[in-house]
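Residue numbers (our numbering), protein chains in the order written: chain A, 23 to 171; chain B, 23 to 171.
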């Protein structure tokens, strides 16, 4: 793997999270996993990326416990990749990427895929940061307390 | 800039968002911007990354309208970078990265920085995906409708 600065030991949870999943292909693989993609060949077809890059990203996601390898559901020799609970907990992150993209990266009339809840068929509500009572807060109303402060 | 596959024209908002901000340094620069970092030299000191990479990431963030360049607040010759409304709208994404990192990338006793709301001094509530009525939904209760479906 290429050498890069890591933030594995950072005491900032954002830095550690970015270290693990702050990569274009990694995020798109996780998106596809939520969409039900399970096999190497399906990822490759859907994402159109080189086999060696896909292998490396799947290996990292498995090493980090975000994906796990399961035997093929149909009893075939091909194994499958499935989100672990740690991986499924990235759902909110994927929703936040989607909602920011919808709001800021599409023209008004431009069509885009929509995430709906299956019961009502309606799009999810916009995510909002809230304080411990549920009141909506903006970034200006928050502060990061560093370790030791 | 290095050649890479882009998803600028994708009809998936996740893909377009990932195309713009799915990069380790970009996400850490946005994090620092929320923490009040404004100047090139401050980013460099805080992130410890090479000048040319920092320049390139700041240029991209400015080109995408996530950061804007402002004259130095103290009247000095050094300009500053500030989050635009589009940039500030990434707050929920940063909170989701932070909360996933807190939950999954730290041991129980391991210290980490904490994002608190300034009024109560307490950590923010955990983000949750909800349907249009506010009911919490899991990924299994949602489906992506592609364009044309």
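All C-beta atoms, glycine included, are put in the ideal place defined by N, C-alpha and C.
Pick from the options that is closest to residue i, judged by C-alpha positions
| i | options | result |
| --- | --- | --- |
| residue 78 of chain B | B/92, B/36, B/68 and B/62 | B/62 |
| residue 44 of chain A | B/139, B/123, B/70 and B/152 | B/123 |
| residue 113 of chain A | B/137, B/53 and B/159 | B/159 |
| residue 165 of chain A | B/58, B/138 and B/125 | B/138 |
| residue 149 of chain B | A/100, A/93 and A/116 | A/116 |
| residue 133 of chain A | B/95, B/170 and B/144 | B/170 |
| residue 48 of chain B | B/71, B/143 and B/127 | B/71 |
| residue 31 of chain A | B/128, B/155 and B/58 | B/128 |
| residue 84 of chain B | B/131, B/98 and B/51 | B/51 |
| residue 142 of chain B | A/92, A/59, A/135 and A/163 | A/163 |
| residue 155 of chain B | A/156, A/97 and A/144 | A/144 |
| residue 35 of chain B | A/76, A/153 and A/119 | A/119 |
| residue 125 of chain A | B/111, B/135 and B/126 | B/111 |
Beta bridge counterpart(s) of residue i as assigned by DSSP
| i | result |
| --- | --- |
| residue 103 of chain B | B/91 |
| residue 167 of chain A | B/136 |
| residue 152 of chain B | B/158 |
| residue 172 of chain A | Lying outside 23 to 171, the shown extent of chain A, residue 172 of chain A is not represented and no answer is given. |
| residue 1 of chain B | Residue 1 of chain B is absent from the structure shown; chain B starts at 23 and stops at 171. |
Close-in-space but distant-in-sequence residues of the same chain around residue i (CB under 7 Å, 5 per side omitted)
| i | result |
| --- | --- |
| residue 64 of chain B | none |
| residue 87 of chain B | 106 and 108 |
| residue 25 of chain B | In this prediction, residue 25 of chain B has a pLDDT of 49, which is less than 50 and means its spatial position is unreliable; what the coordinates show is noted afterwards. Around residue 25 of chain B: no qualifying Cβ. |
| residue 146 of chain A | 117, 137 and 139 |
| residue 254 of chain A | The shown model of chain A, from 23 to 171, leaves out residue 254 of chain A, and the question about it has no answer. |
| residue 53 of chain B | 116 |
| residue 91 of chain B | 84, 101 and 103 |
| residue 121 of chain A | 148 and 149 |
| residue 153 of chain A | 159 |
Proximal residues of chain B, C-beta to C-beta of residue i below 7 Å
| i | result |
| --- | --- |
| residue 158 of chain A | What residue 158 of chain A touches in chain B: nothing, since even the nearest Cβ is about 10 Å away. |
| residue 49 of chain A | 40 and 44 |
| residue 31 of chain A | Chain B residues near residue 31 of chain A: none, gap ~10 Å exceeds 7 Å. |
| residue 53 of chain A | 36 |
Residues near residue i in its chain [Cβ-Cβ closer than 8 Å; skip 5 each side]
| i | result |
| --- | --- |
| residue 55 of chain B | 89, 103, 104, 105 and 109 |
| residue 29 of chain A | 37, 38, 40 and 41 |
| residue 100 of chain A | 61, 62, 63 and 94 |
| residue 33 of chain A | 168 and 169 |
| residue 80 of chain A | 51, 62, 65, 89 and 103 |
| residue 46 of chain B | none |
| residue 98 of chain A | none |
| residue 130 of chain A | none |
Chain B contact residues for residue i, given Cβ-Cβ distances below 8 Å
| i | result |
| --- | --- |
| residue 57 of chain A | 166 |
| residue 124 of chain A | 35 |
Residues near residue i by beta carbon distance below 6 Å, same chain, minus five either side
| i | result |
| --- | --- |
| residue 23 of chain A | Because the pLDDT of residue 23 of chain A is 38, which lies under 50, any placement of that residue in the model is unreliable, and the number read from its coordinates should be weighed accordingly. Hits under 6 Å: none found. |
| residue 151 of chain B | 159 |
Under 9 Å by beta carbon: chain B residues contacting residue i
| i | result |
| --- | --- |
| residue 150 of chain A | 114 and 149 |
Closer than 9 Å at the beta carbon, the chain A residues around residue i
| i | result |
| --- | --- |
| residue 77 of chain B | The premise fails here: residue 77 of chain B is roughly 17 Å from chain A at the closest Cβ pair, so nothing lies under 9 Å. |
Proximal residues of chain A, C-beta to C-beta of residue i below 8 Å
| i | result |
| --- | --- |
| residue 41 of chain B | 46 |
| residue 130 of chain B | Going along chain A, no residue has its Cβ under 8 Å from residue 130 of chain B, so there is no contact; the nearest lies around 14 Å. |
| residue 163 of chain B | 139, 140 and 141 |
Cross-chain neighbours of residue i in chain A, by beta carbon under 7 Å
| i | result |
| --- | --- |
| residue 73 of chain B | Going along chain A, no residue has its Cβ under 7 Å from residue 73 of chain B, so there is no contact; the nearest lies around 14 Å. |
| residue 118 of chain B | 114, 115 and 118 |
Q. Quick one, which residues of the stretch 102-115 of chain B are near chain A if we go by CB-CB under 7 Å, in chain order?
A. 108, 110, 111, 112, 113, 114 and 115
Q: Quick one: which residues of the stretch 80-101 of chain A get their C-beta closer than 7 Å to a C-beta of chain B? List them in chain order.
A: none
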